[in-house]
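Scroll down for the structure; my scribbles are underneath it.
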Amino acid sequence: MRRSLASLVATVLGVLTLLGAPPASATSPLVLVTAESRKTSSWESGYQGTYTIKNHSRTALDSWTVEFSLPVNTTVTTHWDAQLTRDGDRYTFRSVGYNGSLAPGASTTFGWVAQGSGVPGRCVVNKGGPCEEDSDITPPTVPTGLHVTAIEDRALTLNWTASVDDRSPVVDYEIFVDGVRHSTLTGVTSHRMTGLRPNTAYMFRLLARDLAGNRSALSHAVTGATGDPSPPRTLSTAPYVDMGT
């Protein structure tokens, strides 16, 4: 009887194999949902970020969860299009009623504002696979055409050609004066440098920075000298003397 039962089990397993039955290990669900992060804007004290969740499977998704950690010096202050719970440095974002259901191939995005410069780490989506972090590592092009266009006693005006970036707009330019970073400018390609010493030469360079924080190489150096504020000299003449005739 035992031999007959063993033969029957072997026969059934063989039939299932021929029919394409999945192996036991396939009972674990495949990770077919991804979450990709992106930093959409930044400023001195923080930044704004998003995660885009996409359903790559052939069936609809009922809900989603994204979890990540932030360094101790960074916290989420505002969020939208998700429910948020926090446990120490661990942040868990869950879908809300209107964006939890994702058809095959569909995606949705939620966002947050962070106080601090730390970026998400140890991120997982639906308690499964790792998230896809923002992979923007390419810096903008080097600013070109830097030159001085106006000279004053205590000011010089700089102009240059805008840099470009492969993924996002250039957010600002950093100006260096005699090798020291002097100022950061947003959305301009011209700047009037004030507070300079009269009759003095300065060396200027600048670089561009994109939304991901990538910085270009420094531009070529240009030298400009402020004007001389001393009044113009007048030619003195001898008084007229009538020598007579």
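Counting with mature numbering (1 follows the signal peptide of the UniProt record, and there is no 0), you get residues -26 to -1, 1 to 219 for the letters of the sequence shown.
We put the CB at the ideal spot given by N, CA and C, even for glycine.
All figures in this text were calculated on a predicted structure; none of them were measured in a lab.
key: When Arg60, Gly79, Gly92, Thr163 are compared against glycine 187, the one with the closest alpha-carbon   = Within the sequence shown, residue 187 is the residue found at index 213, counting from 1. With distances taken between Cα atoms, glycine 187 lies closest to Gly92.
inquiry  = If contacts are defined as beta-carbon pairs under 8 Å, then arginine 183 and valine 145 qualify, I think. What distance do you get, rounded to the angstrom?
reply    = In the sequence shown, residue 183 corresponds to position 209, counting from 1. In the sequence shown, residue 145 corresponds to position 171, counting from 1. 6 Å between Cβ atoms; contact.
key: Three-state class that DSSP yields for threonine 135 in the structure shown   = In the sequence shown, counting from the first residue as 1, residue 135 sits at position 161. Note: threonine 135 maps to strand in three-state DSSP.
inquiry  = When you compare the segment 113 to 133 with the segment 45 to 58, are there three or more beta-carbon pairs, one atom per stretch, that lie closer than 8 Å?
reply    = no
key: Spatially closest choice to tyrosine 72 from Gln57, Thr131, Met167, Ile149, by CA coordinates   = Translated into positions along the sequence shown, residue 72 becomes position 98. With distances taken between Cα atoms, tyrosine 72 lies closest to Gln57.
inquiry  = By the three-class DSSP mapping on this structure, what secondary structure does lysine 101 have?
reply    = Here residue 101 is taken as the residue at index 127 of the sequence shown, counted from 1. Coil, per DSSP.
query = Is threonine 83 closer than 7 Å to alanine 8 when the C-beta atoms are compared?
reply = Start at 1 with the first residue of the sequence shown, and residue 8 comes out as number 34. Start at 1 with the first residue of the sequence shown, and residue 83 comes out as number 109. According to the sequence as given, residue 8 is threonine; it is not alanine. No, these two residues do not count as a Cβ contact at 7 Å.
inquiry  = Rounded to whole angstroms, what is the Cα-Cα separation between residue 220 and glutamate 18?
reply    = Residue 220 is absent from the model: the chain starts at -26 and stops at 219.
ask   = What residue from Lys28, Ser31, Asp61 has the CA that sits closest to leucine 44's CA?
value = In the sequence shown, the residue the question calls residue 44 occupies position 70. Cα-wise, what sits closest to leucine 44 is Asp61.
query = Who does glutamate 10 pair with in a DSSP beta bridge?
reply = Here the question's residue 10 lines up with position 36 in the sequence shown. Beta-bridge pairing links glutamate 10 to Thr26, Glu106.
ask   = Given a threshold of 16 other Cβ atoms within 10 Å of its Cβ, counted over all protein chains shown, does alanine 195 qualify as buried or as exposed?
value = Locating residue 195 in the sequence shown gives position 221, counting from the first residue. The residue is exposed, with fewer than 16 neighbouring Cβ atoms inside 10 Å.
message = I'd like the list of long-range same chain contacts for leucine 4, defined as Cβ closer than 6 Å, with 5 residues on each side in sequence excluded.
response = By one-based count along the sequence shown, residue 4 stands at place 30. With a pLDDT of 47 at leucine 4, under the threshold of 50, the modelled position of that residue is not reliable, and the figure given next carries that caveat. Taken in chain order, the list of residues that qualify is empty.
query = serine 81 lies in the beta strand (DSSP E); which residues open and close that run?
reply = Here the question's residue 81 lines up with position 107 in the sequence shown. 81 to 89 is the span of the beta strand (DSSP E), which, as asked, contains serine 81.
message = In this structure, how does DSSP classify aspartate 146 when only helix, strand and coil are distinguished?
response = Counting from 1 along the sequence shown, the entry for residue 146 is found at position 172. Strand.
Whole-Å CB distance - alanine 129 paired with threonine 168, under 8 Å assumed = On the sequence shown, residue 129 is found 155 positions in, with the first residue counted as 1. On the sequence shown, residue 168 is found 194 positions in, with the first residue counted as 1. Indeed, because the Cβ distance is near 5 Å, the residues count as touching under 8 Å.
ask   = Can you pull the DSSP bridge partners for histidine 165?
value = By one-based count along the sequence shown, residue 165 stands at place 191. DSSP output for histidine 165 lists Leu132 as bridge partner(s).
query = What did DSSP end up calling glycine 95 once you bin it into helix, strand or coil?
reply = Here residue 95 is taken as the residue at index 121 of the sequence shown, counted from 1. The answer is strand: DSSP assigns glycine 95 an E or B state.
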